[in-house]
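Visitor: The sequence shown maps to residues 1 to 388 in full-length UniProt numbering. Here a beta-carbon is modelled for each residue, glycine too, at the ideal position from N, C-alpha and C. None of the values given here were measured: they were computed from a predicted structure. Structure incoming, see below.
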Amino acid sequence: MSRVVAMKRLYDRPPTDLPGTTSGPADPADQARPDKVRSVRIRVKSMAILPNPEFTAHAVAVHPPTPESPHGYHRLIGGSVEPGETHRAAIAREIREELGAELTDEHLLGVVESIFTIRGAPGHEIVFLYAGRLTPPIPPQGTTLTEDDGAQHPVVWRSLNDADEQLPLYPADAARFVHRLPRTDQDRQAEREATVAAYDLDAEAYASGTGAIPEDLLAELDRFAGLVGTGGSVLEIGSGPGRDAALLEARGLAVDRTDITPAFVDRMRAAGHNARVLDPLRDDLGGPYDGAWCDAVLLHLSRPEMAIVLHKLHQAIRPGGHLYAGVKEGDGDGWTRHGNVAGARHFTYWTEPALREVLTAAGWRVDEVHRAPGRRLQETWLNVFCSR
Ligand SMILES: C[S@@+](CC[C@H](N)C(=O)[O-])C[C@H]1O[C@@H](n2cnc3c(N)ncnc32)[C@H](O)[C@@H]1O
């Protein structure tokens, strides 16, 4: 056993086993005894907050009950920094040893100090807190972590919202970093990919569940067709199965059918239409068109992406042209499995002032905002008509 490993074993023993501390039932009076507290070794640790791809939960180890946490507790994954090792190297090594995974994109979130009692004995840790991604990732059903003394703990997903949880999280101060965990570009990319994959897998189910256009949406489509005028060209973002494109064409418009989801494009092509895979964020939109129709699509963009896409649409539409977009009203963003698609899809919700602001900033004149009740759910759509 190398010296470093031997020392690590010593440091990793529970605080009750450390020289100079005693084990036994919790005695509040013990904590006030300076000689006992002075004998506690301050331990330096590196631990990680590891969010799932959906950004709804993070991975924690489950520990059995103690007198202080009678139902057990959750602990961040990580461990002690070894002598001569940096805290950054320590978190990578701990994750490798305990989970058999590599930590990538790691970034230091901050440092928390924890002074606590466990099984009646005082403990004191200074913890360097990291966030990052794992390769391979922890599976949705969780996994098991093996400590270097062979102890095993289940690893489960703990909600990012502490209010949803029964067990305490340690180190306790880490909770405030969990609440404001920065979302990386990779996290957003995972959201985008998971959403498109959900549509791709269930394109047929989506098509059969949305064959009939709701009356209120048909009225808006008629209004848009009237504004663009017979013979006008329309860029449709997110045509899906192509229901709205067919209705616009029936009103004399020429529709450029596009979708980011390959299965929708394949379906439209199989039905004899021209259609192309288009990612409105990354691809050239083409144009100039007389109008853009984007029903129930831009709600899958993050707020910064929305600003970019609205600006690109403004460039792709001729002066005097029109934009129609429907998004869901609300605050924040999140995942849902409602509707005709089984997989989770990520949505950004918009308030009317925020929607007006992002449209105006992209150069659009907001002509009308309509509210429409959800087709099945208790929700409200914000449908906007804009002109350039
Ligand atoms: C609710 S469906 C609406 C489809 C069609 N407009 C309709 O009303 O039936 C959402 C659409 O957004 C597309 N989509 C998903 N993520 C997207 C993204 N990041 N950028 C652009 N479109 C996206 C999907 O492929 C799908 O066509």
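Sort Gly79, Asp222, Thr135 by Cα distance to Glu102 and report the nearest one.
Guide: Nearest option by C-alpha distance: Thr135.
Visitor: Can you tell me whether Val155 is buried or exposed, with buried defined as 16 or more other CB within 10 angstroms of its CB?
Guide: Buried, by the Cβ-count rule.
Visitor: Kindly list the residues whose CB is nearer than 7 Å to the CB of Tyr349, restricted to its own chain and excluding five residues on each side of it in sequence; keep chain order.
Guide: So the qualifying residues of the chain are Lys328, Glu329, Gly330, Asp331, Gly332, Asp333.
Visitor: Going by DSSP in three states, Phe347 sits in which element: helix, strand or coil?
Guide: Of the three classes helix, strand and coil, the one that applies to Phe347 here is strand, per DSSP.
Visitor: What I want to know is whether the C-beta of Phe55 ends up closer than 7 Å to one or more non-hydrogen atoms of ligand 1.
Guide: Answer for Phe55: no, Cβ out of range of ligand 1.
Visitor: Among residues of its own chain, excluding the 5 on either side of Leu201, which ones have a beta-carbon nearer than 7 Å to its beta-carbon?
Guide: Same-chain partners within the cutoff: Gly343.
Visitor: Here's the rule I'm using: 16 or more other beta-carbon atoms within 10 Å means buried, otherwise exposed. How should His338 be labelled?
Guide: Exposed, by the Cβ-count rule.
Visitor: On a Cα-Cα basis, can you pick out the residue from Leu310, Arg43, Trp335 that is closest to Ile237?
Guide: The shortest C-alpha separation from Ile237 is found at Leu310.
Visitor: Could you tell me which of Gly226, Leu50, Ala362 sits nearest to Arg303, measuring between CA atoms?
Guide: Of the listed residues, the one whose Cα sits closest to Arg303 is Ala362.
Visitor: In this structure, does DSSP put Gln141 in helix, strand or coil?
Guide: If DSSP states are grouped into helix, strand and coil, Gln141 belongs with coil.
Visitor: Exposed or buried, which one is His179 when buried takes at least 16 other CB atoms within 10 Å?
Guide: Per the 10 Å Cβ criterion, exposed.
Visitor: Relative to ligand 1, is the shortest distance from any of its heavy atoms to the C-beta of Ala296 smaller than 7 Å?
Guide: Yes - ligand 1 has a heavy atom lying nearer than 7 Å to the Cβ of Ala296.
Visitor: Between the alpha carbons of Asp27 and Trp335, how many angstroms are there, rounded?
Guide: The predicted position of Asp27 is uncertain, since its pLDDT is 42 and thus under 50; a value taken from the coordinates is nonetheless stated next. So the two alpha carbons sit approximately 46 Å from each other.
Visitor: Would you mind stating whether Ser114 and Pro171 have Cβ atoms separated by less than 8 Å?
Guide: In contact: Ser114 and Pro171 (Cβ atoms closer than 8 Å).
Visitor: Does DSSP put Ala354 in a helix, in a strand, or in coil?
Guide: If DSSP states are grouped into helix, strand and coil, Ala354 belongs with the helices.
Visitor: What does DSSP give as the partner residues of Tyr324 in its beta bridges?
Guide: The partner list for Tyr324 (beta bridge, DSSP) reads Trp293, Phe385.
Visitor: Locate the beta strand (DSSP E) running through Ser233, then write down its first and last residues.
Guide: Element bounds for Ser233: 233-236.
Visitor: If we count the other Cβ atoms within 10 Å of its Cβ and call it buried at 16 or more, is Gly226 buried or exposed?
Guide: With fewer than 16 other Cβ atoms within 10 Å, it is exposed.
Visitor: Assuming Ala263 contacts Ala203 (C-beta within less than 8 Å), just tell me the rounded distance between them.
Guide: Correct: roughly 4 Å between the Cβ atoms.
Visitor: Is it true that the segment 209-226 meets the segment 182-197, where meeting means three or more beta-carbon pairs spaced less than 8 Å apart?
Guide: Contact between the segment 209-226 and the segment 182-197 is absent, because fewer than three Cβ pairs lie under 8 Å.
Visitor: What do you reckon, are the CB atoms on Leu285 and Ala254 nearer than 8 Å?
Guide: Going by C-beta atoms, Leu285 is not nearer than 8 Å to Ala254.
Visitor: With a cut-off of 8 Å on the beta carbons, I'd call Lys45 and Glu125 a contact; round off their distance for me.
Guide: That pair is a contact at about 5 Å.
Visitor: From Val384, Gln152, Glu305, Val60, pick the residue whose C-alpha is nearest to that of Gly175; which is it?
Guide: Sequence check: residue 175 is Ala here, not Gly. Of the candidates Val384, Gln152, Glu305, Val60, the one whose C-alpha sits nearest the C-alpha of Ala175 is Val60.
Visitor: By DSSP, does Val341 sit in helix, in strand, or in coil?
Guide: Coil at Val341, not helix or strand.
Visitor: Using only CA atoms, which one of Ala250, Gly240, Gly252 lies nearest to Thr258?
Guide: Minimum Cα distance to Thr258 is reached at Gly240.
Visitor: Sort Gln378, Arg269, Arg133, His314 by Cα distance to Phe55 and report the nearest one.
Guide: For the residues Gln378, Arg269, Arg133, His314, the minimum Cα distance to Phe55 belongs to Arg133.
Visitor: Roughly how many whole angstroms lie between the Cα atoms of Gly84 and Ala90?
Guide: Gly84 and Ala90: Cα-Cα distance of roughly 10 Å.
Visitor: What does DSSP give as the partner residue(s) for Val366 in the beta ladder?
Guide: Answer by DSSP bridge pairing, in chain order: Cys386.
Visitor: Which runs of the beta strand (DSSP E) spanning at least 3 residues fall entirely within the segment 103-182, listed in chain order?
Guide: The qualifying runs are 121-135, 143-146, 152-159.
Visitor: Could you check which residue in Arg223, His63, Ala292, Ile138 has the C-alpha nearest to that of Asp256?
Guide: The residue with the shortest Cα to Cα distance from Asp256 is Ala292.
Visitor: Can you look up Thr195 in the DSSP assignment and give me helix, strand or coil?
Guide: Reduced to three states, the DSSP call for Thr195 is helix.
Visitor: If distances are taken between C-alpha atoms only, which option among Asp105, Val297, Ser387 comes closest to Val369?
Guide: The option with the nearest alpha carbon to Val369 is Ser387.
Visitor: In the DSSP assignment, what residue or residues form a beta bridge with Gly334?
Guide: Answer is Phe347, bridged to Gly334.
Visitor: Return the CA-CA distance between His71 and Ile118, expressed in angstroms with no decimal places.
Guide: Using only the alpha carbons, I get a separation of about 14 Å.
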